[in-house]
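Okay, so here's the structure we're looking at.
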Amino acid sequence: MRRRPGNWARTLCAAAVLGGALLGPQASAGARPMATVAVTPPSPADSVPGDTMGQAGKPAPLTTTELKVECGTQFYLRPGGVPKDEPVSQKVLDLPAAWQANPGFGNRGAGQTIAVIDTGVARNPRIDVQPGGDYVSGSDGTEDCDGHGTVVAGIIAAKPSPDDGLVGVAPDAQILSIRQLSEHYQAKEQSGDKPPGSMSQQGYGLSATLAAAVVRAVQMKATVINISAAACTTAGSATGDEALGAAVRFAYEQGVVVVAAAGNLDSSNGCGTQNTAQSNPSASWNSLNTIVSPAWFSKYVLTVGWITKDGSPSSKTVYGPWVGVSAIGQDVLGFDPKTGAIVNTSGYDEQNKVYVGIQGTSFAAPYVSGLAALIKAKYPNWSARQVMNQIILTAHQPGTGRDDRVGAGLIDPVAALTAHFPDDVLNSDNPVLPNHVGSDQPQAFPTPQKPAGPPRLPRLVATVGTIVCLSALGIGLAISIPFRRRRRDDELPDLD
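Residues -29 to -1, 1 to 467 (mature numbering (1 follows the signal peptide of the UniProt record, and there is no 0)) make up the sequence shown, in order.
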């Protein structure tokens, strides 16, 4: 069990991150063997349903909702005070170097609007938040009863402060907050099982309203959309996300990059059965236990897995052939939606006697959204496919080239902002990952030549000149000694 802290809490380099754990796929420890199902990758409709377009224009819940649990953040500050150091998840990205890779107005995301479709984003002096609407209740989108969306927004766009180590990937970007999910609200007349497409087992949030929120974000000129939420269904059963598929396709075709969390393995949220992890996407589609939406619309969505601080793929990511890249999603920093203060724990684990950091694919995804905004700022005319491929092709890959746990691997902002690929690769639906792990055949390397070093003539001239100068000084000193003695004798007083 976890308990919340008391009132005191309320008021690697890339090689180190990759480690040996990414060398090949494996099933999660303790996973129950189950009969898997072959699934055809989804093909969304090429037009958004009319009712979804209508909901996009007038954000509101589809049914009357009510507050069932008092609003209150689920995140707190652990003992020890506000951390001054960067969290590892942020530090490993080397953001200052990434910003320097694109000198100019947009190098820290200026001019970009990132829609955070979540539990809302509370206003905060360190985040440029604009209201986008509310599909849960009657706010303008800047009310956050849960704390989740505010933490996500801080990872994307928090402005730096000397008082703590948090800074967003794109701190000059604007956040467009659209509330679409909350664990504190329920449909007023709710009874029985949740329908397909439900994104919360206890609270309120539907794939249908998520679809409308995606379309609304596009209409409000978002350049990137972050979705740190997932709806899980048993493979082969109804997903109820047809409108959502059409919405993410619409965003993609409008040049908007949609980034989605892969989902966390957790029976309480409906994502309780893990998929086996493989390297070959075709084989993966033929052996699935769980479908994750919107992640599985992988042609139109860049899905993000979770890597732990020691470089291991987290076994709590819901694996799948749709996972595109990964980021560290553990021990992040964020803001409390009520006070604006720093938070860094979700509570105390009594069994293991440790504070549990804020973690999950929800908090890996915003690092990728921030990077997408930096790329859009540097290449404003790039399509969504080009931005997605640039991130995928520059990720630090596992030995297999990709696998269902981490996709193409850990994102690298510096590489993503400096590497160049041919147009046919950037525009490909299935870009070929560059081979970073060595060639198929051993190659002989010539013995390195000894460096020539700097030219000898300037050093020789400097050395001879120094010797001459020192010699002249020595001779001058020797000649002056008799004169100095005679001068002292002449100055002695006459005592006779």
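Quick reminder that beta carbons are idealized off the backbone N, C-alpha and C, glycines included. Nothing here was measured: the structure is a model prediction, and the numbers come from that model.
_For Gln361, the first and last residue of its enclosing alpha helix (DSSP H)_ = Position 390 of the sequence shown, counted from the start, is the residue given in the question as residue 361. Counting along the chain, the alpha helix (DSSP H) containing Gln361 begins and ends at 355 to 364.
*Would you give the residue range spanned by the beta strand (DSSP E) that Ser264 belongs to?*
Numbered from 1 along the sequence shown, position 293 holds the residue referred to as residue 264. Note, Ser264: beta strand (DSSP E), 261 to 264.
*What three-state label does DSSP hand Ala343 in the structure shown?*
Within the sequence shown, numbered from 1, the residue matching residue 343 stands at position 372. Annotated three-state conformation of Ala343 is helix, per DSSP.
*asked:* Tell me the DSSP secondary structure of Ala86 in three-state form.
replied: Working through the sequence shown from its first residue, we reach residue 86 at position 115. Three-state result, Ala86: strand.
*With DSSP as the reference, label Glu37 as helix, strand or coil.*
Against the sequence shown, residue 37 aligns to sequence position 66. Here Glu37 sits in strand by DSSP.
*asked:* Alpha carbons only, please: which of Lys287, Gln172, Gly328, His391 is nearest the one belonging to Val303?
replied: As a first step, residue 303 must be located in the sequence shown, where it is residue number 332. Residue Gly328 is the option with its Cα nearest to Val303.
_Residues that DSSP places opposite Arg150 in a beta bridge_ = Along the sequence shown, one-based indexing puts residue 150 at 179. According to DSSP, Arg150 bridges with Asp89, Asp105.
*Starting from Thr204, follow its DSSP beta bridges and name the residues at the other end.*
Start at 1 with the first residue of the sequence shown, and residue 204 comes out as number 233. DSSP, once it has assigned bridges, lists Ile262 as partnering Thr204.
_Measuring alpha carbon to alpha carbon, tell me which residue in Val275, Ile452, Val439, Val396 is nearest Val377._
Working through the sequence shown from its first residue, we reach residue 377 at position 406. The shortest CA-to-CA distance from Val377 to any of Val275, Ile452, Val439, Val396 is the one to Val275.
*Reduced DSSP secondary structure (H/G/I, E/B, other) of Asn240*: Here residue 240 refers to the residue found at position 269 when the sequence shown is read from its first residue. For Asn240, the secondary structure class from DSSP, reduced to helix, strand or coil, is helix.
*asked:* Per the DSSP calculation, His367 is bridged to which residue(s)?
replied: Sequence index remark: in the sequence shown, residue 367 carries index 396 (1-based). Beta-bridge analysis with DSSP links His367 to Leu381.
*For residue 477, count neighbouring C-beta atoms within 10 Å of its own C-beta (all shown protein chains included) and say buried if the count is 16 or more, exposed if not.*
Residue 477 lies beyond the residue range present for the chain, which begins at -29 and ends at 467; the question has no answer from this structure.
*asked:* On a Cα-Cα basis, can you pick out the residue from Gln190, Gly300, Val385 that is closest to Val59?
replied: Position 88 of the sequence shown, counted from the first residue, corresponds to residue 59. Checked all of Gln190, Gly300, Val385; the closest Cα to Val59 is Gly300.
_C-beta contact flag for Ile88 and Ala179 at 9 Å_ = Translated into positions along the sequence shown, residue 88 becomes position 117. Translated into positions along the sequence shown, residue 179 becomes position 208. For Ile88 and Ala179, no; Cβs fall outside 9 Å.
_Spatially closest choice to Arg49 from Gly318, Thr437, Ile362, by CA coordinates_ = Here residue 49 corresponds to residue number 78 of the sequence shown, with the count starting at 1. That would be Gly318, whose Cα lies nearest to the Cα of Arg49.
_Looking at Trp277: is its Cβ nearer than 9 Å to the Cβ of Ser297?_
Here residue 277 refers to the residue found at position 306 when the sequence shown is read from its first residue. Here residue 297 refers to the residue found at position 326 when the sequence shown is read from its first residue. Cβ distance < 9 Å, so Trp277 and Ser297 count as in contact.
*Name the residue from Asn235, Ser451, Leu137 whose alpha carbon lies nearest to the alpha carbon of Met170.*
As a first step, residue 170 must be located in the sequence shown, where it is residue number 199. Checking every option, the nearest Cα to that of Met170 belongs to Asn235.
_Pairwise C-alpha distance: Gln361 and Thr389_ = Mapped onto the sequence shown, residue 389 falls at position 418. Mapped onto the sequence shown, residue 361 falls at position 390. Each residue's alpha carbon lies about 10 Å from the other.
*Should Cys203 go down as buried or exposed, given a rule of 16 or more other Cβ atoms within 10 Å for buried?*
Taking the sequence shown and counting its residues from 1, one reaches residue 203 at position 232. So Cys203 counts as buried.
*Looking at C-alpha atoms only, which residue of Leu345, Val439, Thr247 is the closest neighbour of Gly77?*
Residue numbering aside, residue 77 sits at position 106 when the sequence shown is read from its first letter. The shortest Cα separation from Gly77 among Leu345, Val439, Thr247 belongs to Leu345.
*Cα separation between Ala214 and Thr310?*
Your numbering for residue 214 matches position 243 in the sequence shown. Your numbering for residue 310 matches position 339 in the sequence shown. Here the alpha carbon of Ala214 sits roughly 37 Å from the alpha carbon of Thr310.
*Are the beta-carbon atoms belonging to Phe306 and Ala129 less than 9 Å from one another?*
The residue given as residue 306 occupies position 335 in the sequence shown. The residue given as residue 129 occupies position 158 in the sequence shown. In this structure, Ala129 lies closer than 9 Å to Phe306 by Cβ.
_Ala68, DSSP secondary structure in three states_ = Here the question's residue 68 lines up with position 97 in the sequence shown. Collapsing the DSSP output to three states places Ala68 in a helix.
_Rounded separation between Ala415 and Thr365 - CA only_ = For the purposes of this step, residue 415 is identified with residue 444 of the sequence shown, where counting begins at 1. For the purposes of this step, residue 365 is identified with residue 394 of the sequence shown, where counting begins at 1. Residue placement at Ala415 is flagged as unreliable, the pLDDT there being 47, under the threshold of 50; the coordinate-derived value follows with that caveat. Cα to Cα, the separation comes out at about 27 Å.
*Per the contact definition of three or more C-beta pairs closer than 8 Å, is the segment 96 to 111 in contact with the segment 121 to 139?*
yes
*Residue of Leu147, Pro15, Gly120, Gln71 minimising C-alpha distance to Gln45*: Translated into positions along the sequence shown, residue 45 becomes position 74. Considering only alpha carbons, the answer is Gly120.
*With a cut-off of 8 Å on the beta carbons, I'd call Ala158 and Thr23 a contact; round off their distance for me.*
Sequence index remark: in the sequence shown, residue 158 carries index 187 (1-based). Sequence index remark: in the sequence shown, residue 23 carries index 52 (1-based). Actually they are not in contact, since the Cβ atoms of Ala158 and Thr23 sit about 19 Å apart, beyond 8 Å.
*For Leu431, the three-state DSSP class (helix, strand or coil)*: The count along the sequence shown starts at 1 and reaches residue 431 at position 460. It is helical.
*In this structure, does DSSP put Gly445 in helix, strand or coil?*
Position 474 of the sequence shown, counted from the first residue, corresponds to residue 445. Looking at Gly445 - three-state DSSP - the assignment turns out to be helix.
*Just reading off the beta strand (DSSP E) that Ile98 is part of, what are its end residues?*
As a first step, residue 98 is located in the sequence shown; it is residue number 127 there, counting from the start. It is not in any beta strand (DSSP E) - Ile98 carries neither H nor E in the DSSP assignment.
_Thr332 burial status per 10 Å Cβ neighbour count (16 or more: buried)_ = Taking the sequence shown and counting its residues from 1, one reaches residue 332 at position 361. Under this definition Thr332 is a buried residue.
_Give me the residue from Val40, Glu41, Gln26 with the minimum Cα distance to Thr34._
As a working mapping, residue 34 is identified with position 63 in the sequence shown. For Thr34, the closest of Val40, Glu41, Gln26 by C-alpha to C-alpha distance is Gln26.
*Per-residue DSSP class, three states only, for Ser132*: Within the sequence shown, numbered from 1, the residue matching residue 132 stands at position 161. In this structure, Ser132 counts as coil in the three-state DSSP scheme.
*Report the rounded CA-to-CA distance for Ser253 versus Ser14, giving the unit in angstroms.*
Along the sequence shown, one-based indexing puts residue 253 at 282. Along the sequence shown, one-based indexing puts residue 14 at 43. Between Ser253 and Ser14, the C-alpha separation is close to 16 Å.
_Same chain, Cβ closer than 7 Å to Phe268, five either side skipped, listed in chain order_ = Along the sequence shown, read from residue 1 onward, the residue named residue 268 stands at position 297. Pro13, Pro15, Gly216, Val219.
*Nearest CA to the CA of Val294: which residue from Ser239, Phe392, Val339, Thr113?*
The sequence position of residue 294 within the sequence shown is 323, counting from 1. Of the listed residues, the one whose Cα sits closest to Val294 is Val339.
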